[in-house]
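Q: First, the structure itself, so that you have it in front of you.
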Amino acid sequence: MKKCFVVFRLVVLIGGSTFAAESPLYESEWIFDPVVESHGHVHASCVVETPRRNLLAVWYENGPALGTNFYQGDQDKSDNVRIGGARRRKGRSAWEKPFVMSDTFGLSDNNPALVIDQQKRLWLFHATLLAVPIRSWESSLLWYKVSSDYEGAAHPRWERENILVPRPPDLDEAVTRLTEQLRNRASENSRLMAFSDILKGRLKDPFARRLGWMPRVHPLILRDGTLLLPLANENFSVAAMAMTRDGGETWTTSHVVPGGGVEQPSVVRLKDGRLVAYLRDAGGTHRIRRSESGDGGITWTEITNTDLPNPGAGIEAVMLRNCHLMMIYNDKEGGPRDCLAVSISTDEGKSWRWKRHLENQAGGRFDYPSLIQSRDGSLHATYSFNLKTIKHAHFNEAWVEQGD
């Protein structure tokens, strides 16, 4: 069971006014200046706090052009896309010069996700696209790398790396059920029938079954040390969880989260031990979606909609140490992704009491956020800033509670 630690605020009454000891905190900066140091198309960051209380962030970017024999089309799928990274040392106000975190030569590396496990090892997960431009996200092959030497070196020294091929035990049943649901709704939209047929055909394709699994947000380390990696499959528009209890020696895959039209789940643990997955919408509901697990992530309830809007963009949910639930998301139903907000729930997501914007500028693009709570209780978010750089914001709950 998750224990919640109540954060007490010293309240002083002076002349009828109330002052909280915790003052609102907000500061931000770019991880690098794109005018001074261009990294091409920069997107999809993830940030962690290391045991030495340094910050480590990753994203994907364009490396040097590779020549005429390589795919140089869409910037986020070109064969020179790689995983970049940078550090901000404890007590420093600026990020160090970015470095290459991982690069599969001649292929596009995307959607990195970081976590530090109970043995203080750093894990990097990312997808490598094998078949662009004919197939892009649908051809992703999932990789993971592990490092125990990542604090002082110029870049992490990977002691282990391997591919991961998730295999949900009920993929056929789940996709068949989804195709039936689509057929029942075909009168609403003629394209649903065609998509249903496409999904049925993909079940017969061994490449579609094994590829297309994409990470996006932090894995969750369960109380028994299990690493739970939230995933979604781009070929079938369904989600599942990959789990290892022995440091990556063996992996199991959960049952498919019932329902479809979802991507990029983010998983939190509630006070009673249940897990909740919040999912990016890919089915036109325009809402962040939700599912629960009562058995450690093996099986999940039918997906439902929350009240939070979603334009089909990335999200992340984090359970804070005081058991407040924080969500970072684009708080609108459609594009463009020109506003990015954080909301706080004090009742495990039943309602959302406070909201404040990190960005709200018409015509901008601020998306694919990453969110952590550091050991001092404050919050760190990184997110794509106009696809040119990654912005880092440091704030606390008191700042969010002020509202816009």
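Residue numbering for the sequence shown is 2 to 405, as defined by the working numbering.
We put the beta carbon where it would ideally sit given N, CA and C, even for glycine.
Short check: CB of Ile316 to CB of Tyr279, under 9 Å?
A: In this structure, Ile316 lies near Tyr279, with their beta-carbon atoms less than 9 Å apart.
Q: Provide the residue span of the alpha helix (DSSP H) that contains Lys201, from first to last.
A: Ser191 to Arg203
Q: Take His393 and list the residues in its own chain whose beta-carbon comes closer than 8 Å to its own, dropping the five residues that flank it on each side.
A: Ser29, Glu30, Trp31, Ile32, Val48, Leu56, Ala58, Arg89, Trp96, His381, Ala382 and Thr383
Q: Evaluate Gln265 with the Cβ neighbour count: other Cβ atoms within 10 Å of its Cβ, from every protein chain shown; 16 or more gives buried, anything less gives exposed.
A: buried
Q: Which term fits Val147, buried or exposed, when burial requires 16 or more other beta carbons within 10 angstroms of its beta carbon?
A: Its Cβ being crowded by 16 or more others within 10 Å, Val147 is buried.
Q: Hey, would you say the C-beta of Pro99 is under 8 Å away from at least one heavy atom of the ligand SAM?
A: With respect to the ligand SAM, the structure shown offers nothing to examine, as it has no ligands at all.
Q: From what residue to what residue does the alpha helix (DSSP H) around Thr401 run?
A: A small correction: the amino acid at residue 401 is Val; Thr does not occupy that position in the sequence shown. Here the alpha helix (DSSP H) through Val401 covers Glu398 to Gln403.
Q: If Asp282 sits next to Asn236, beta carbons under 8 Å apart, how far is it from one beta carbon to the other, in whole angstroms?
A: Their Cβ separation, rounded to whole angstroms, is 18 Å, which puts Asp282 and Asn236 out of contact at 8 Å.
Q: Grab the span of the alpha helix (DSSP H) containing Asp173 for me, first residue to last.
A: Leu172 to Asn185
Q: Terminal residues of the continuous alpha helix (DSSP H) containing Arg209?
A: The question names Arg, yet the displayed sequence has Ala at residue 209. Residues Pro207 to Arg211.
Q: Please list the terminal residues of the continuous beta strand (DSSP E) segment that includes Tyr330.
A: From DSSP, the beta strand (DSSP E) with Tyr330 extends over Leu326 to Tyr330.
Q: Tell me, which residues are paired with Gly407 by DSSP?
A: It is not possible to answer for residue 407, since the shown part of the chain is limited to 2 through 405.
Q: Cα separation between Leu179 and Glu38?
A: 46 Å
Q: Using the beta-carbon count (16 or more within 10 Å), is Thr251 buried or exposed?
A: exposed
Q: Run through DSSP, which three-state label would Glu28 get?
A: strand
Q: In angstroms, rounded to a whole number, what distance separates the CA positions of Val34 and Leu341?
A: Val is not the amino acid found at residue 34; the sequence shown has Asp there. Computed Cα separation, rounded: 21 Å.
Q: How big is the Cα-Cα spacing for Ile117 and Leu276?
A: 19 Å
Q: Nearest-angstrom Cα distance between Gly260 and Glu174?
A: 11 Å
Q: Of all the options Thr51, Leu130 and Gln362, which has the alpha carbon lying nearest to the alpha carbon of Lys78?
A: It is Leu130 whose Cα lies nearest to the Cα of Lys78.
Q: Give the DSSP-derived three-state secondary structure of Trp138 in the structure shown.
A: helix
Q: Out of curiosity, what's the CA-to-CA distance linking Ala132 and Asp225?
A: 38 Å
Q: Does the Cβ-Cβ distance between Ser267 and Leu212 come in under 9 Å?
A: Between Ser267 and Leu212, the gap from beta carbon to beta carbon reaches 9 Å or more.
Q: Confirm, please, whether the CB-CB distance from Pro216 to Ala114 is below 9 Å.
A: yes
Q: Per DSSP, which one or two residues make a beta bridge with Ala240?
A: Ala233
Q: Thinking C-alpha only, which one of Glu402, Trp400 and Asp368 is nearest Ala45?
A: Asp368
Q: Under the three-state reduction of DSSP, which class applies to Tyr61: helix, strand or coil?
A: strand
Q: Take Gly378 as the anchor and find which of Ser103, Arg54 and Ile299 has the nearest alpha-carbon.
A: Arg54
Q: To the nearest angstrom, report how far apart Asn128 and Glu62 are at their CA atoms.
A: The sequence given here has Ala at residue 128, not Asn. If you take the alpha carbons of Ala128 and Glu62, they lie about 13 Å apart.
Q: Given a threshold of 16 other Cβ atoms within 10 Å of its Cβ, counted over all protein chains shown, does Gly202 qualify as buried or as exposed?
A: exposed
Q: Note down the Cα distance separating Arg10 from Glu402, rounded to an integer number of angstroms.
A: Any reading at Arg10 needs caution, since the residue's pLDDT is 47, under 50, leaving its predicted position unreliable; the model's value is listed next. Approximately 14 Å between the Cα atoms of the pair.
Q: Under 8 Å Cβ to Cβ from Pro337, same chain only, skipping five residues before and after it: list those, please.
A: Gly364, Gly365 and Arg366
Q: Taking all protein chains shown into account, decide if Gly404 is buried (16 or more other Cβ within 10 angstroms of its Cβ) or exposed.
A: exposed
Q: What are the boundary residues of the beta strand (DSSP E) that includes Leu372?
A: Phe367 to Gln374
Q: Out of curiosity, what's the CA-to-CA distance linking Ser94 and Ile84?
A: If I take the Cα positions, the gap works out to 23 Å.
Q: Quick check: what's the CA-CA separation for Leu165 versus Tyr145?
A: Straight-line Cα distance between these residues: approximately 7 Å.
Q: Report the option in Asn111, Lys98, Tyr151 and Ser109 whose CA atom is closest to the CA atom of Lys121.
A: Tyr151
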